[in-house]
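Residue numbers (the working numbering): 10 to 382.
Idealized CB from N, CA, C, for every residue including glycine.
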């Protein structure tokens, strides 16, 4: 979420979240911060310079949020010369102010979704940019409160999609504010990790977090294709993943789905240096190997589920809805549990619907075509 350097120049501070793949999205796991935590990690810069050493081993990890008062989506941070730190808690629209040694922080409500912070020259005041209220909050470090708020313009009325965008980044939709939709679907894309969300009706079989970019065209939704509308998918995610204190309103579900429909597909890989002939040959391989039977152009998915020789172990599932291949180069790792770290591994290691002895030239052409989507 954010980077900063300690006043003495000896530590790098990184704000981030940790998702525990082995923890299902039960109410207890969310409430106690077992599923998702908000952190600032302090890494000695000297350790970063040692290429033969894992710098995380020397890091100090600080946690924000407690049961009943979590701190989803920590974002930008800054440190004053005296060591006072300010951390934007974007998901809950607050700024944490305090020190890491000894650890003591106060939390100050600001505008919606604080995403940037800068100190005044005398370090007595911080300016906090709040993206979803179009304001700058002036926060006094001594008073630890907002002393003034500057509007960046007249706020116009928002449509469903714009309200849905606000909701997407708002961790307060989850139990006690532990995480937002954005926490797993970073800016609508994916955090590239696995999560056990019960989305396919299973327990103990964490699934790769899918990108939501272009999802308006890729129904049905969910790894098992069980949701026939985006509204159904959002409603189920709100209930089983976010674990809110009270059910999400139908108005909020409508708004979130409207926002998701605005998300364009991810772009294809860079066009520089592409081999047009290899792409054309790869497209022929794609159809000859019947990849298009499941990944049907132009969305490169279909509305069915298929047994492709994989299973999710304790989940008991063998049939999956094929993810769209548009912008597939941005989607690593691949397959339902992220077992394939690269596109080549999808075919070489997981042998995804191609023979193990697929010739190198044929595979290279196929990969060139996939990277062009």
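| Item | Value |
| --- | --- |
| Cα-Cα separation between residue 34 and residue 250, rounded to whole angstroms | 5 Å |
| Whole-number beta carbon distance between residue 118 and residue 198, since they are thought to touch under 8 Å | Not a contact, Cβ separation roughly 29 Å. |
| Where residue 234 sits in the DSSP three-state scheme | coil |
| Residue 64 in three-state terms, based on DSSP | helix |
| Residue burial classification, residue 321 (beta-carbon count within 10 angstroms, cutoff 16) | buried |
| As assigned by DSSP and simplified to three states, the class of residue 13 | strand |
| Assigned exposure category for residue 111 - 16 Cβ within 10 Å defines buried | exposed |
| Span of the alpha helix (DSSP H), counted from its first residue to its last, around residue 259 | 259-269 |
| Integer-rounded CB distance, given that residue 80 should sit under 8 Å from residue 95 | The pair is not a contact, with the Cβ atoms about 13 Å apart (cut-off 8 Å). |
| Cβ pair residue 330, residue 210 closer than 9 Å | no |
| Beta-carbon contacts of residue 313 that lie in its chain and below 6 Å, excluding the five residues immediately before and after | none |
| Residue(s) in a DSSP beta bridge with residue 70 | 50 |
| Local Cβ density within 10 Å of residue 177, reported as buried at 16 or more and exposed below that | buried |
| Nearest-angstrom Cβ-Cβ length linking residue 350 and residue 317, presumed shorter than 8 Å | About 18 Å; that fails the 8 Å criterion. |
| Limits of the unbroken alpha helix (DSSP H) element including residue 326 | Premise fails: residue 326 is in no alpha helix (DSSP H) and is neither H nor E. |
| Whole-angstrom C-beta distance between residue 203 and residue 347, which should lie under 8 Å | 6 Å |
| Three-way DSSP call (helix, strand, coil) for residue 25 in this model | strand |
| Beta-carbon proximity check, residue 50 vs residue 63, cutoff 9 Å | no |
| Which residues DSSP lists as bridging residue 108, in chain order | 113 |
| Distance, residue 239 Cα to residue 132 Cα | 47 Å |
| Delimiting residues of the alpha helix (DSSP H) encompassing residue 379 | 369-380 |
| Option nearest residue 334 by Cα separation, candidates 364, 376, 325 and 83 | 376 |
| Presumed contact (8 Å Cβ cut-off) between residue 157 and residue 138, rounded CB distance | Incorrect: roughly 14 Å between the Cβ atoms, too far for contact. |
| Contact under 9 Å by Cβ, residue 371 with residue 205 | no |
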